[in-house]
Every structure is written in C-alpha cells, then in structure tokens.
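Colleague:
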Amino acid sequence: MTEGSTMIEVEGLSKSIRNGARTVDILKGISFAVPRGQFVAIMGSSGSGKSTLLGLLAGLDSPSAGEVRLNGTAISYLPEDQLAKVRGKTVGFVFQSYQLVPTLTALENVLLPYELNTEDANNQEGQKRARELLNSVGLSDRLDHYPVQLSGGEQQRVALARAFILRPPIVLADEPTGNLDTTNGSHVLELLLHLNRSLGTTLVLVTHDPVLAGYADRRIVLRDGAVISDEIQQPASFMVAT
Ligand SMILES: Nc1ncnc2c1ncn2[C@@H]1O[C@H](COP(=O)(O)OP(=O)(O)OP(=O)(O)O)[C@@H](O)[C@H]1O
Ligand SMILES: [Mg+2]
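When you read off a place in the sequence shown, starting at 1, and then add 6, the result is the number in the working numbering.
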C-alpha cells in the first residue's frame, strides 16, 4: 500500500438520460480524486444526482461521458464480466433501498458476497466474519430472520454488514443511517468510522445529515448534477455511545 495513493478518480463524469424527445442531464462533468483512507461525505438536495454518482462510482451504471478509475483501473467501459471481478474485490455498496435477497436470511445475505467471491468451501471464516459484523450492527439476535421479518432500519444494517464482508478497500454508502434512530445510527456510524480508521477503508457516504457529514474528512456538495463545493474539513471526534 502506498501512502496517499488515489483510490477513486472521477474525470469529466456526465450522465444524460433520454426522456422521450428530451435529454435530461443528470450529472454534468464531475471531477475529483479520493486518496486511500479518506472519508468523503456527498451532500446536496434531493434530485441533485448523489445516487446516480454513487452508482457510477460502483460501476453499477455507465456514464454518458467521462471515466471512473478505482484503484488505478478504469471501470466505466469494461465488459460486465471483468467489471464484476473488479467490483467484487474493490467495492462494498450500501444501497438507498437496501437490496437484500428476500429468500435469504440476514446471515445468508451478509455471507452472499463472500460465497460469490472466495474459494473457501465451507465458509467458516466467512460465517465468523458475518456473525461479527451483524453483532457489531446490533443484530446478533436476528441472524435467521428473512428481510420481510426485519424493520427498515434492521434491513439497512444487514445491508451495511454485507458491504463490509469482503473487507473491500472502498465502501460506497447511500444514506446508510437514513432510517435509523439515534442509538442505531450511532452504532452504524461507529462501525463505519472504525473500519475507515482501523482498516483504512476509503469511504464515500451520501447523506442529508450535517451531523453525520461532520465526521468526514471532506465534504462534496452537488447541485443540479454539478459539484458546487468540495472542502477538506477537520472531522468531528466521535464519542462511543454506551
Ligand atoms: N432513469 C432515470 N430517468 C430519468 N431521470 C432520472 C433517472 N434516474 C434518475 N433520474 C433523475 O436524475 C436526478 C438525480 O437523481 P438521483 O437519484 O441521483 O438524486 P439524489 O441526489 O440521489 O436524490 P435523493 O436525495 O432524493 O436520493 C433526479 O432528478 C431524477 O429524477
Ligand atoms: Mg438518492
């Protein structure tokens, strides 16, 4: 690992969508670079393009112009099979809408990326890690529950645990505390900060919450698909709630 190396590089990123005869410009030439281990908060009003940007960073969607490089690899125009490999070993993603698999339990959902991306036949290490992660988001008594048996906030925490199971160098999270009460929100924040600080995970987090954004090293604000401010800040110190 080279200190200060760039983990995410976004260059002239644009996304336009045809809507009948009209073209809607959702992102308009966004550029920034995120060094390894940085915690970036993305803010901006509803509809400003935050989720679209995050989807492009994860390679879940392709841009109309521009490029995304993750850890030096240009991903935006890779064929799906190669993209899936890069994504699998580089990014953990927490969706705004969770996207859990309904037929799998909480534990199985967290374990899924591990099973898809490792050769560990009996999953012992994965099982252990999945339990630890679910424990750290306060769900050790919900391991065998299916998504329909979980509240919105509980599903959100399962999605968060799943994003970290492969210990990816980059985690992208869309409103990861949006549906959580103060206590669970601070547990999730604690987990995110712990992974960011101790494993050096590069974290890009979309949030409307200025308090949460205060813990970040940097704040990028979007308006109408463009960056209107991009500032390094002194992150607030986090007191562990007991
Ligand atoms: N498939 C699509 N077709 C047309 N317009 C779209 C499509 N996807 C997104 N948009 C539009 O692009 C804009 C940006 O959407 P996006 O979901 O990125 O916003 P956001 O900043 O994440 O908002 P929120 O805070 O509400 O989650 C919105 O105006 C949205 O309506
Ligand atoms: Mg969104």
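No residue lacks a Cβ here, since even glycine has one placed at the ideal position from N, Cα and C.
With distance defined between alpha-carbon atoms, name the residue in Ile36, Ser142 and Gly78 nearest to Thr189.
Modeller: Ranking Ile36, Ser142 and Gly78 by Cα distance to Thr189 puts Ser142 first.
Colleague: Quick one: is Thr29 buried, meaning 16 or more other Cβ sit within 10 Å of its Cβ, or exposed?
Modeller: Classified as exposed, Thr29 has fewer than 16 neighbouring CB atoms from the shown chains inside 10 Å of its CB.
Colleague: Can you give me the C-alpha to C-alpha distance between Pro241 and His193, rounded to a whole angstrom?
Modeller: 18 Å
Colleague: Have a look at Lys134, Lys91 and Asp187 and flag the residue whose alpha-carbon is nearest the alpha-carbon of Ala167.
Modeller: Residue Lys134 is the option with its Cα nearest to Ala167.
Colleague: Please list, in chain order, all residues of the same chain as Val92 whose beta carbon is under 8 Å from its beta carbon, the five residues on each side excluded.
Modeller: These residues qualify, in order along the chain: Gly65, Leu76, Thr79, Ile81 and Leu84.
Colleague: Report buried or exposed for Glu181, applying the criterion of at least 16 other Cβ atoms within 10 angstroms of its Cβ.
Modeller: With 16 or more other Cβ atoms within 10 Å, it is buried.
Colleague: Under 7 Å from any heavy atom of ligand 1, does the C-beta of Gln155 make it?
Modeller: no
Colleague: Is Gln105 near ligand 2, in the sense that its beta carbon is under 7 Å from a heavy atom of that ligand?
Modeller: no
Colleague: Give a single yes or no on whether Lys95 has its beta carbon closer than 7 Å to a heavy atom of ligand 1.
Modeller: Using a cutoff of 7 Å, the CB of Lys95 does not count as near ligand 1, since none of the ligand's heavy atoms is closer than that.
Colleague: Would you kindly report the start and end of the unbroken beta strand (DSSP E) that includes Leu228?
Modeller: Arg224 to Arg229
Colleague: Could you check whether the Cβ of Lys21 sits closer than 7 Å to any heavy atom belonging to ligand 2?
Modeller: no
Colleague: Would you mind working out which of Gly26, Ile14 and Thr111 sits nearest Arg42, comparing C-alpha positions?
Modeller: Nearest C-alpha to Arg42: Ile14.
Colleague: Please confirm whether any heavy atom of ligand 2 lies closer than 7 Å to the CB of Ser142.
Modeller: No, the Cβ of Ser142 stays beyond 7 Å of every heavy atom of ligand 2.
Colleague: Shortest alpha-carbon distance to Ser57 belongs to which of Arg224, Gln161, Val210 and Glu237?
Modeller: Val210
Colleague: Three-state secondary structure (DSSP) at Ser57?
Modeller: helix
Colleague: Whose C-beta lies closer than 6 Å to the C-beta of Glu9 among residues of the same chain, with five residues either side of it excluded?
Modeller: Low local confidence applies: a pLDDT of 47 at Glu9 is under 50, so the model's placement there is unreliable, and no value is given.
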